[in-house]
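Numbering (our numbering), first residue to last: -6 to 290. Where is the CB? At the ideal position from N, CA and C, for every residue including glycine. Encoded as structure tokens, the structure appears first; notes follow it.
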Ligand SMILES: NC(=O)c1ccc[n+]([C@@H]2O[C@H](COP(=O)([O-])OP(=O)(O)OC[C@H]3O[C@@H](n4cnc5c(N)ncnc54)[C@H](OP(=O)(O)O)[C@@H]3O)[C@@H](O)[C@H]2O)c1
């Protein structure tokens, strides 16, 4: 049995489809099973929440492999970013050890560091350490920006592009190497039991990056082209964006369209040391360029 957290996210959706097609027995730790859509009848469901460690024990019964994708980029009613990323991963690792699991795959991020200015990056660094220091056979993935057509970020950009001017927080100069969620799912598959790198990936940390280096501004331009829209782009200085988004979060709570913690991440470059080489090795082919996937040329 394989336990998948984050099965309803961009990578999780792509990975779960591959796992069920291959008839791998999967249990999904989810908050709302309806978000699994047609996959929900093909898997075991463990209702749970990263903020509720009691839900981990039941989810892990009889599990050999854990793929831990679930994560939070904003504070939630069930916990802060630090609790849902760092503390929850530590607790999930401990529970997996107690339950007798053997294999643990964890999604960290490029740029994870306890010295980062971004809360998520600091929390991911702590979580990653908990995984590495465990007794489990572990593999860590550190991706650059992951995207999929229709994902929450591209959907937000599409909505904002209805306005006459496209506002982006900060300078938009930070660079990324966007990688498609479908390619990421194939990378993970290669390291799972039965995959080409199932054994050799144990103890490895893979930096997952796509084939192009793009600034945030270039990513937004590319997204606009894929929506068939041309808009002048205006950078909102950090000194304005920060208090404005903090006010929106205070007024709208969990329904805020964006938070400062999310916007700040767009100013932190996510570049792999060796570009797309880890992704290429795992895929056995080139990861797809973002413009091609989005149909933006
Ligand atoms: N996307 C990126 O650009 C990027 C970059 C670097 C690293 N990563 C890492 O890569 C992994 C996969 O990313 P992704 O883009 O597929 O993530 P995603 O689309 O944002 O999905 C997040 C997943 O986590 C689940 N989740 C959130 N809060 C939860 C909670 N309190 N309890 C249980 N589940 C919860 C969500 O479930 P619901 O459906 O219930 O919301 C969803 O399935 C994550 O660990 C992420 O941090 C992503």
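Contiguous beta strand (DSSP E) elements confined to the segment 81 to 118 occur at 96 to 100, taking only those with 3 or more residues. Within the same chain, Cβ atoms closer than 8 Å to the Cβ of residue 4 are found at 62, 100, 139, 174, 177, 178, 181, the five residues on either side in sequence being excluded. Within the same chain, and ignoring the five residues on either side of residue 262 in sequence, the residues whose Cβ sits closer than 8 Å to its Cβ are 104, 167, 168, 169. When -6, 30, 13 are compared, the shortest CA-CA separation from residue 2 is found for 30.
Residue 250: not part of any beta strand (DSSP E); DSSP gives it neither H nor E. Nearest C-alpha to residue 214 among 135, 283, 53: 283. Cβ contact annotation for residue 74 (same chain, cutoff 8 Å, sequence separation greater than five): 65, 66, 67, 68, 112, 113, 116, 254, in chain order. Distance check between residue 24 and each of 7, 56, 71 places 71 closest, using alpha-carbon atoms only.
Out of 249, 227, 276, the CA that lies nearest to the CA of residue 189 is found in 276. Distances taken from the Cβ of residue 139 to the heavy atoms of ligand 1 include one shorter than 6 Å. Closest by C-alpha distance to residue 260, out of 201, 109, 268, 130, is 109. Relative to ligand 1, even the nearest heavy atom lies 6 Å or more away from the CB of residue 284. Sixteen is the threshold: since fewer than 16 other Cβ atoms of the shown chains lie within 10 Å of the Cβ of residue 50, the residue is exposed. Not a single heavy atom of ligand 1 lies less than 6 Å from the C-beta of residue 7.
Sixteen is the threshold: since fewer than 16 other Cβ atoms of the shown chains lie within 10 Å of the Cβ of residue 267, the residue is exposed.
The DSSP assignment places complete alpha helix (DSSP H) segments of no fewer than 4 residues inside the segment 133 to 174 at 145 to 153, in order along the chain.
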